[in-house]
Structures are given as C-alpha cells and as structure tokens.
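Colleague: Each residue of the sequence shown is one higher than the one before, starting from 847 at the first, in the working numbering.
Virtual Cβ for every residue (Gly too), placed ideally from N, Cα, C.
First, the structure itself, so that you have it in front of you.
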Amino acid sequence: MTDIIDKAAMALSGGLMLLGIVGLGIVEILAGPPYGAAPVTNDAGEIVATPMVDPTLRTGLVVAGLVVLGLYAAYKLATPVEEVDTAKGHETMAD
847 MTDIIDKAAM ALSGGLMLLG IVGLGIVEIL AGPPYGAAPV TNDAGEIVAT
897 PMVDPTLRTG LVVAGLVVLG LYAAYKLATP VEEVDTAKGH ETMAD
C-alpha cells in the first residue's frame, strides 16, 4: 500500500513542478520575448508587452508540487516503520 502512495506522491509532485518550471518555460520561449515575469513598459509607463503565462500560475504549480512533497513527508513520519525480519535474510560469503 505504501509503495503505491510513494509512487503517486512522487509522480504528482514531480509532474507539477516539471510542468510549472519546464513546461510553461518552453511555452514562454516559444511565445517569444519578453521572457521576464514583469510586464515591459516604455518611457511613458505604458505596458507594451506582457508574459504569455502569468507568473502567478507558474509559481502556484511549483508551490503545489512542494506542498504535495511536504504532505508526503508528514505521512511518512506518521506511519510506523515496517519491521524487517533479519532471520530470513540472505547471507553471502565474502571473498
């Protein structure tokens, strides 16, 4: 059971962070300049260019991935460690 939770938590958190950082970064590059998070203004203060993807969305995806990792860490701390029976262990001879 914990193996399924381990894989699901890591896949979800990794997917969210990968989408927020790499996926939307590629979208920004393909959309063209400006690459910054803030709108570009001219000397009069008029906004002349804005980013394609809102930086709040990108930040939210990365933070959501970190929250999933934090919840997973809390889950791992709260669950008891399964005892490993060392009597059934496999012994090998050293050279």
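Name the two residues that bound the continuous beta strand (DSSP E) containing V908.
Modeller: No beta strand (DSSP E) contains V908, which is instead part of the alpha helix (DSSP H) from 901 to 924.
Colleague: Which residue wins for smallest C-alpha separation from L912, given the options D849, A877, T848, M856?
Modeller: The shortest Cα separation from L912 among D849, A877, T848, M856 belongs to M856.
Colleague: Just list the residues that DSSP pairs V886 with in beta bridges.
Modeller: Beta-bridge pairing links V886 to A895.
Colleague: Would you mind giving the Cβ-Cβ distance between V886 and A895, rounded to the nearest angstrom? I have them listed as a contact below 8 Å.
Modeller: That pair is a contact at about 4 Å.
Colleague: Go ahead and label Y863 buried or exposed: buried means 16 or more other beta carbons lie within 10 angstroms of its beta carbon, across all protein chains shown.
Modeller: Correcting the residue identity first, residue 863 is Met in this sequence and not Tyr. By the 10 Å Cβ count, M863 comes out buried.
Colleague: Taking 6 Å as the limit between beta carbons, can you name the residues of its chain near M848, skipping five residues before and five after?
Modeller: Per the sequence shown, residue 848 should be read as Thr rather than Met. Same-chain partners within the cutoff: there are none.
Colleague: Determine, using beta-carbon pairs with one atom in the region 913 to 928 and one in the region 864 to 871, whether at least three such pairs fall under 8 Å.
Modeller: No, because fewer than three Cβ pairs between the region 913 to 928 and the region 864 to 871 fall closer than 8 Å, the two stretches do not touch.
Colleague: In this structure, does DSSP put M939 in helix, strand or coil?
Modeller: Reduced to three states, the DSSP call for M939 is coil.
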